[in-house]
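Quick note on the numbering used here: the sequence shown kicks off at 2 and runs consecutively. Using N, Cα and C, we set each Cβ at its ideal position, and we do this for glycine too. Here the structure comes first, spelled out in structure tokens, and everything after it is commentary.
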Amino acid sequence: MSIGDLIRPNFPGAQYDPREHAFTIQVNGRVVSHVGMDDRTIKVGEQFVRVAAIGFVVTHESVRHRKFATTLMQLAHDAAKESGIPFAALFTGVPQLYVSRGYEFKENLSAAEPGGMVASLDGSVWPEGVVDLRGKAW
Numbered sequence: 002m003s004i005g006d007l008i009r010p011n012f013p014g015a016q017y018d019p020r021e022h023a024f025t026i027q028v029n030g031r032v033v034s035h036v037g038m039d040d041r042t043i044k045v046g047e048q049f050v051r052v053a054a055i056g057f058v059v060t061h062e063s064v065r066h067r068k069f070a071t072t073l074m075q076l077a078h079d080a081a082k083e084s085g086i087p088f089a090a091l092f093t094g095v096p097q098l099y100v101s102r103g104y105e106f107k108e109n110l111s112a113a114e115p116g117g118m119v120a121s122l123d124g125s126v127w128p129e130g131v132v133d134l135r136g137k138a139w
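As structure tokens, then:
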């Protein structure tokens with residue numbers, strides 16, 4: 002199973018674009034869990050903010066509840082921190098899955114795209130102001 006094969010049934014209608022960083026877990030040669038991450042610079046108010054844009058977080062139903070996505074999210078966060086990225090940001094309809102990873106709903110990010118959540122990776126405080134994603138949502 003490829004990344005696309007895993008993503009398509011879980012994100013109907015979404016166009017999967019390969020991510021800058023694709024963190025995956027394979028079982029028997031099949032991709033069963035994926036977290037994508039891009040290094041993006043967005044504008045919040047008058048400042049430019051670098052974020053790890055997290056997308057297409059998915060685990061095949063046959064292997065859920067094994068903490069695969071949790072492991073991959075940690076790898077993505079670690080890679081972002083090593084690159085000096087202060088925040089991870091994502092958009093979701095199921096925020097309860099991300100609260101335990103340190104994500105918080107941010108009204109200004111959600112105004113740009115529904116379900117916006119942010120996790121500080123280095124203790125930085127998320128800025129106030131209108132968010133310009135400077136491109137499409139991830």
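Other residues of its chain near Val110: CB distance less than 7 Å, five sequence neighbours each side excluded
Per the sequence shown, residue 110 should be read as Leu rather than Val. Counting only Cβ-Cβ distances below 7 Å, and skipping sequence neighbours, we find Ala90, Gly117, Val119 and Val132.
Note the first and the last residue of the continuous alpha helix (DSSP H) segment covering Gln16.
Element bounds for Gln16: n/a, residue is neither H nor E.
Going by DSSP in three states, Thr71 sits in which element: helix, strand or coil?
helix
By Cβ distance below 7 Å, which residues in the same chain neighbour Val32 in space, the five residues on each side in sequence not counted?
Met2, Ser3, Ile4, Leu7 and Thr25
Take every Cβ of the region 75-92, pair it with every Cβ of the region 41-54, and state whether three or more of those distances are shorter than 8 Å.
yes
Inspect the beta-carbon positions of Ala70 and Ser121 and report whether they are closer than 8 Å.
no
Give the straight-line distance between the Cα atoms of Glu129 and Lys137, rounded to the nearest whole angstrom.
Whole-angstrom Cα-Cα distance: 20 Å.
Cβ of Val36 within 8 Å of Cβ of Val58?
yes
Note down, one range per segment and in chain order, each alpha helix (DSSP H) of at least 4 residues found wholly within the region 47-112.
69-83 and 97-100
Grab the span of the beta strand (DSSP E) containing Gly117 for me, first residue to last.
Gly117 to Ser121
For Glu108 and Gly85, the rounded distance between their alpha carbons
24 Å
Reducing DSSP to helix, strand and coil, say where Gly130 ends up.
coil
Please confirm whether Ala112 and His22 have their CB atoms less than 8 Å apart.
no
Could you pull the start and end residues of the beta strand (DSSP E) that Gly37 belongs to?
Arg31 to Val45
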